[in-house]
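As structure tokens, the structure follows; a few thoughts come after it.
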Amino acid sequence: DIQMTQSPSSLSASVGDRVSITCRASQSISTYLNWYQQKPGRGPKLLINVASSLQSGVPSRFSGSGSGTDFTLTISSLQPEDLATYYCHQSYTTPWTFGQGTKVQIK
Amino acid sequence: EVQLVQSGAEVKKSGESLKISCKGSGYSFTSYWIGWVRQMPGKGLEWMGIIYPDDSDTKYSPSFRGQVTISTDKSISTTYLQWSSLKASDTAMYYCARQAGLNDAFDIWGQGTMVIVSS
């Protein structure tokens, strides 16, 4: 199985800060990498697929980059509504696997 | 509107059987894989398996193979997740999600079904 490792596990930042979350795959997955946002008490929502393609309706402050084994989700200017846990997900080969999640809190 | 609507919360006892459902609407149900994802209380997302409703082709995570059965009834645009003998450790939220796009991301998610199993 491909292991997905996110860092950090949690972070606390102020409104307006630039926030980055990294995801590392245990082997190359090309750009078969997706990012999801899960707000408290809600189901996951797809933010980015193919490593960097923003889903329709997702604010442009979110961006994704990377290929191969190293990927980054960036929030350019953190907003209060971004309080959530963020997960990466590889869809290169089954079994699909998720990262363990990064909890983003607002200072 | 494209949506997946899941069946309601369940409270069961260890050893009982259970089948939960996920109904798709607003799109061609037989053209997209549907996956199931487990989220145990306070924990992350775990991929359980996927099914292609048109021909019932199914792929399971090794962690869940033999523990659950994924099935579908394309005549009513519904996919199922079932257990023959529940354990307390099956207590979790279960999500179905549609797989789509260039690289099979889960683009549409159901609202989740909470399963509580008491011992």
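Respectively, the protein sequence lines represent chains A and B. Okay, so the first sequence: first residue is 1 according to the working numbering, each after it adds one. Okay, so the second sequence: first residue is 1 according to the working numbering, each after it adds one. Built from N, CA and C at the ideal position, the CB exists for glycine as well. No experiment lies behind these values; they were computed from the predicted model shown.
Contacts that residue i makes with chain A (C-beta to C-beta distance below 8 Å)
i               : result
E121 of chain B : No information on residue 121 of chain B is available, as it lies outside the stretch 1 to 119 that chain B covers here.
L102 of chain B : N49, V50 and S53
Y95 of chain B  : G43 and P44
Cβ neighbours of residue i in the same chain (closer than 7 Å, five flanking residues each side left out)
i               : result
D107 of chain B : R98, A100 and G101
S61 of chain B  : W47, M48 and G49
For residue i, three-class secondary structure by DSSP
i               : result
K74 of chain B  : helix
S7 of chain B   : coil
D90 of chain B  : helix
F64 of chain B  : coil
S31 of chain B  : helix
E1 of chain B   : coil
D107 of chain B : strand
Within chain A, partners of residue i - CB distance below 9 Å
i              : result
D90 of chain B : Correct list: empty, because the minimum Cβ distance to chain A is about 19 Å.
Residue i beta carbon near the ligand FAD (any heavy atom closer than 7 Å)
i              : result
T97 of chain A : Ligands in the displayed structure: none, and consequently the ligand FAD is not present.
7 Å Cβ cut-off: residues of chain B touching residue i
i              : result
L46 of chain A : A105, F106 and D107
Paired residues, beta bridge with residue i - DSSP
i              : result
N34 of chain A : A:H89
F71 of chain A : A:C23 and A:G66
G24 of chain B : B:L4
A97 of chain B : B:G35 and B:W109
I51 of chain B : B:I34 and B:T58
Listed by chain order, chain B residues near residue i by CB distance under 8 Å
i              : result
T31 of chain A : N103
Cβ shell of residue i (< 6 Å), same chain only, five flanking positions each side left out
i              : result
Y80 of chain B : K19, S21 and S71
S77 of chain A : G16 and R61
S52 of chain A : G64 and S65
S85 of chain B : G15
V11 of chain B : I116
Contacts that residue i makes with chain B (C-beta to C-beta distance below 9 Å)
i              : result
S63 of chain A : The contacting residues do not exist; S63 of chain A stays about 16 Å from chain B at best.
Contacts around residue i, its chain only, beta-carbon distance under 8 Å, and the 5 residues preceding and following it disregarded
i               : result
A105 of chain B : Q99
Chain-ordered neighbours of residue i on chain A, where CB pairs are closer than 7 Å
i              : result
K59 of chain B : T94
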